[in-house]
């Protein structure tokens, strides 16, 4: 196990931490949603009466809030802790996957290989690196599975509670596994029933916690919004049925990353080895607890199709299957490779054995370093702007269609009216307000009517208006695909082809700060335009 933990730390050092601390303005993409409001822990006056901050605070699980509060009380401010927590979670994932593997197949090599493969996969994606609630899935689920296999009542109940506190989707999968055991196991049904009742209670409590924003968008409404189609902010309805059902990030059944399809081929070898115990003697080490693998896949599959049937009441279908597949494939591949290795180890020279072992160690590291994805880490490119905004009053409201709006709450600690990063459409009682704000902002920014601008500024209490230097060109909308709002965009393009909006004519007069790519205007100055 010590070697497995060392490998987990190595992955973190070579990929996660290196990217996380690349610059002073490096931040994880999803952390911009789920962490920015936690800056209130150090300054409660930040983001007062901010719809976006209130929404993301309300949907955050209690355990997630608590662990960031605890870290902050120890001097690790939220964004610093967000960069560190993936390493800690990676170590925890490694420990529990190793334990689960050897509980099923008591061969340490299999545990090492399984944890190696899972680390390789997770450090190519942005789930673990995000440090957001979904980053906790693997730890709280693997811990639950381990203690379930061990028949350890209190630890396994504790992990069900942790699932509800950190990532409630996990509770549904665990409940499915418990239901399957209640049906198929003749002994110890009380053990499974207690866990199932606890899971139901936790889900009910979580539902009550979200009372402020609980109107899940209906399927009929989602089908009418371009945001849910290719090119939209939350693309879900894909044109290709194969991609939609199998590999879609939000809708697909299987993990979408390329290397896991290759690893699936090793899974197919396991049934063949089990049928030939004389040729593969190590298969005799496989214990009856191996049934947990098909139980996990069955529970995940049922929930996947149920989530499709009830769109979007159970959130995204892929959340129920893709995480589970990553665990199962790593686990089964670890066992398969160990069995095959045992078969050939007496037939090949020791130097070749060492070469194979080195390949298993070095290939995943190489794959992580060469993979083009940056674990979701992005860099803020306007430090002077963030510093200027930090000098302004903490209760200002900034209107902008610029992509910099995604960074301002995190790096400047100031509120924005809207931004692509916060335009999450799954709760309609939140998103219809955001959508209306975006439409109003587009109309006002490209208006020739000063009264319309005045009404907008007063309605939303706008203090500053941030403009990209190319905001008044026709190509601006093509470069910002999230602005797919009609008829507002069509009207703006038509106007730009013949006239100049009021705001464009007031840039020089009302500008309070400029960078090479941005103009920041005083909104009150715009109201005095003539």
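In this note's numbering, the protein residues as written are 9 to 538.
Each residue gets a CB set at the ideal place from its N, CA and C atoms; glycine is no exception.
Run of the alpha helix (DSSP H) containing residue i, from where it starts to where it stops
| i | result |
| --- | --- |
| residue 227 | 227 to 231 |
| residue 152 | 145 to 158 |
| residue 77 | 70 to 81 |
| residue 502 | 496 to 504 |
| residue 416 | Residue 416 -> no alpha helix (DSSP H), and no H or E assigned at all. |
| residue 25 | 25 to 28 |
| residue 513 | 510 to 513 |
Helix, strand or coil at residue i according to DSSP, with G and I counted as helix
| i | result |
| --- | --- |
| residue 406 | strand |
| residue 491 | coil |
| residue 468 | helix |
| residue 435 | strand |
| residue 387 | strand |
| residue 253 | helix |
| residue 528 | strand |
| residue 20 | helix |
| residue 341 | helix |
| residue 51 | coil |
| residue 473 | strand |
| residue 224 | strand |
| residue 111 | helix |
| residue 289 | helix |
| residue 306 | helix |
| residue 12 | helix |
| residue 243 | coil |
| residue 327 | helix |
| residue 482 | coil |
| residue 67 | helix |
| residue 457 | coil |
| residue 44 | helix |
| residue 294 | coil |
| residue 201 | helix |
| residue 131 | coil |
| residue 175 | coil |
| residue 380 | Here the model assigns residue 380 a pLDDT of 47, short of 50, so the residue's position is not dependable, and the following value carries that caveat. Coil at residue 380, not helix or strand. |
| residue 84 | coil |
| residue 192 | helix |
Buried versus exposed, by CB contacts within 10 Å (16 or more), residue i
| i | result |
| --- | --- |
| residue 14 | exposed |
| residue 194 | exposed |
| residue 131 | buried |
| residue 91 | buried |
| residue 328 | buried |
| residue 445 | buried |
| residue 502 | exposed |
| residue 478 | exposed |
| residue 108 | buried |
| residue 57 | exposed |
| residue 380 | Residue placement at residue 380 cannot be trusted, given a pLDDT of 47 that sits under 50; what the coordinates show is reported in the next sentence. Counting Cβ neighbours within 10 Å, residue 380 comes out exposed, since fewer than 16 surround it. |
| residue 487 | exposed |
| residue 198 | exposed |
| residue 114 | exposed |
| residue 414 | buried |
| residue 176 | buried |
| residue 250 | exposed |
| residue 4 | With the chain covering only 9 through 538, there is no way to say anything about residue 4. |
| residue 162 | exposed |
| residue 325 | buried |
| residue 45 | buried |
| residue 341 | buried |
| residue 203 | buried |
| residue 127 | buried |
| residue 333 | buried |
| residue 302 | exposed |
| residue 517 | exposed |
Residue i: first and last residue of the uninterrupted beta strand (DSSP E) it sits in
| i | result |
| --- | --- |
| residue 547 | The structure shown does not extend to residue 547, since the chain spans only 9 to 538, so no value can be given for it. |
| residue 521 | 519 to 522 |
Nearest-angstrom Cβ-Cβ length linking residue i and residue j, presumed shorter than 8 Å
| i | j | result |
| --- | --- | --- |
| residue 526 | residue 434 | That pair is no contact at about 31 Å. |
| residue 320 | residue 224 | 6 Å |
| residue 511 | residue 534 | 6 Å |
| residue 493 | residue 447 | 6 Å |
| residue 226 | residue 207 | About 27 Å separates the two Cβ atoms, so there is no contact after all. |
| residue 449 | residue 409 | 6 Å |
| residue 36 | residue 86 | That belief does not hold up - the Cβ atoms of residue 36 and residue 86 are roughly 12 Å apart, past 8 Å. |
| residue 338 | residue 129 | 7 Å |
| residue 221 | residue 468 | Contact flag wrong, Cβ pair sits at about 19 Å. |
| residue 290 | residue 352 | Going by Cβ atoms, the distance from residue 290 to residue 352 rounds to 11 Å, so no, they are not a contact pair. |
| residue 148 | residue 174 | 6 Å |
| residue 89 | residue 76 | 6 Å |
DSSP beta-bridge partners of residue i
| i | result |
| --- | --- |
| residue 424 | 406 |
The ligand PLP heavy atom lying under 6 Å from the CB of residue i
| i | result |
| --- | --- |
| residue 531 | The ligand PLP is not part of this structure, which contains no ligands at all. |
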